[in-house]
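Be aware that the sequence shown starts at 8, since it is given in the numbering used here, and climbs by one per residue. We put the CB at the ideal spot given by N, CA and C, even for glycine. Values in this document were obtained by computation on a predicted structure and should not be read as measured data. Here the structure is laid out as structure tokens; the discussion comes afterwards.
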Amino acid sequence: MFKRKLAAAVVGTAALVGGTVATAAPANAATVIGIFYWNSNYGGSTYTVTAGGTTSCTGTTGDWDFTSGFSSSWNDEASSHKGFANCAIKVYENAGQGGASSGFYVNLSGYGVLNDEVTSALYS
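Shown next as structure tokens:
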């Protein structure tokens, strides 16, 4: 059974691997690293994840540049994503990058069995 709720766009936060936190900031002081969509095929409400300054990912999936979770209103709701700032994104079923996961994708139009099950993500 899929649960659906109305949700407004939310600005998320990302944490740098290693413990340095990159928080949401004014648009001119932050870099968008990912946008998650409520529906498959990039539809519906969006959840935007930013990193402070002009930070970007390295473009290789052998290292992890950022991690993030979702606000309670977006937990188990995302259905697709687009990566920005050279970031490929890997989504996970559980908090702390646990449970079932996808591969790393810059853009992923649908999560298949992870649809409405995503709780955290890695950015590389």
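Buried or exposed for residue i, going by 16 or more other Cβ atoms inside 10 Å?
i	result
Asp72	buried
Gly119	exposed
Ser86	buried
Thr57	buried
Ser127	buried
Ala37	buried
Thr53	buried
Between which residues of its own chain and residue i is the CB-CB distance below 6 Å, once the five residues before and five after are set aside?
i	result
Val113	Gly90, Ala95
Since residue i sits in a beta bridge, which residues does DSSP pair it with?
i	result
Tyr99	Ser108, Ser127
Asn114	Lys89
Thr62	Answer by DSSP bridge pairing: none, since Thr62 is not bridged.
Gly119	Paired residues: none, contrary to the question.
Got a sec: is the Cβ-Cβ distance from residue i to anything in chain B below 7 Å?
i	result
Asp83	Any reference to chain B falls outside this structure, which holds one protein chain only.
To the nearest whole angstrom, what separates the beta carbons of residue i and residue j, a pair I think is in contact under 8 Å?
i	j	result
Tyr130	His88	With a Cβ gap of about 10 Å, Tyr130 and His88 do not count as contacting.
Gly117	Ser47	4 Å
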